[in-house]
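Taking it in order: structure first as structure tokens, then the write-up.
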Amino acid sequence: MKKASAFKRSGIPEKARAADTPIAFYAYSSHTFPRPSDHFILNFDTIITNLGNGYHPHSGTFIAIRPGYYVFTWSFRIQRDAHISTELVVNDTPRGSVYYDATEKVDGNTGGTVVVHVNQGDEVFIRTTNTNYNLGDILSDNAGRTYFGGWLLS
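According to UniProt numbering, the sequence shown is numbered sequentially starting from 1.
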């Protein structure tokens, strides 16, 4: 029996994979992530842009529908007196990470940007690191959104 491709499983139509289709996404979380564990994958459930339909909000994963160089950006907000480290992962390989340590009186926000070559079918997501640096909640509300976005350069 022939194994279904990631595209068939994801329901991305053939037309969306055409070379002239723009690829870009931006989504943010509508909720707080209370005390996320190590290697916790953040899902960003409020989609603002999803050109090409490569972003999947239930898993928090972007699946590349075409190979090329992509720009990925993410930001997270944390409660006061918390410290969190997150990383951008392509398949199972971290490609960038960001750490923030908020003061005891002020919430904090930080973000990262990575430019990386991604192959068709590769999965890209944001997760906490396993460095034991994670303490506190990741926040997302009107005061500041925790988000994930990306677009194809070439």
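Note that CB positions come from ideal geometry on N, CA and C, so glycine has one too.
Secondary structure at GLU104: coil, using DSSP grouped into helix, strand and coil. In this model, PRO67 and HIS117 are separated by some 7 Å (Cα to Cα). Counted as a single uninterrupted DSSP element, the beta strand (DSSP E) harbouring PHE72 occupies residues 68-78. Across the structure, LYS105 and ASP81 are spaced so that their CA atoms are roughly 7 Å apart. The residues VAL116, VAL118, ASP122, GLU123 and VAL124, in chain order, have a CB closer than 8 Å to that of VAL90 in the same chain once the five nearest residues on each side in sequence are set aside. Setting aside the 5 residues that flank it on each side, ARG95 is surrounded in the same chain by LEU88, VAL114 and VAL116, each with a C-beta closer than 6 Å to its C-beta; the list follows chain order. When Cβ pairs closer than 8 Å are counted between the two stretches, the stretch 35-47 is seen to touch the stretch 57-64, the count reaching three or more.
For TYR147, the closest C-alpha among the options PHE33, PRO22 and LEU51 is that of PHE33.
Residue pairing of ASN109 in beta bridges, as defined by DSSP: ARG77.
Comparing C-alpha distances from GLN79 to each of GLY144, THR46 and LEU152 shows the shortest one belongs to GLY144. Between ALA24 and the set ASN142, TYR55, GLY111 and PRO36, the nearest pair of CA atoms involves TYR55. Under the 10 Å beta carbon count, TYR69 is surrounded by fewer than 16 other beta carbons and is classified as exposed. For HIS117, the pairing in a beta bridge is given by DSSP as TYR69. In this structure, DSSP gives ASN50 an extended state, which the three-state scheme calls strand.
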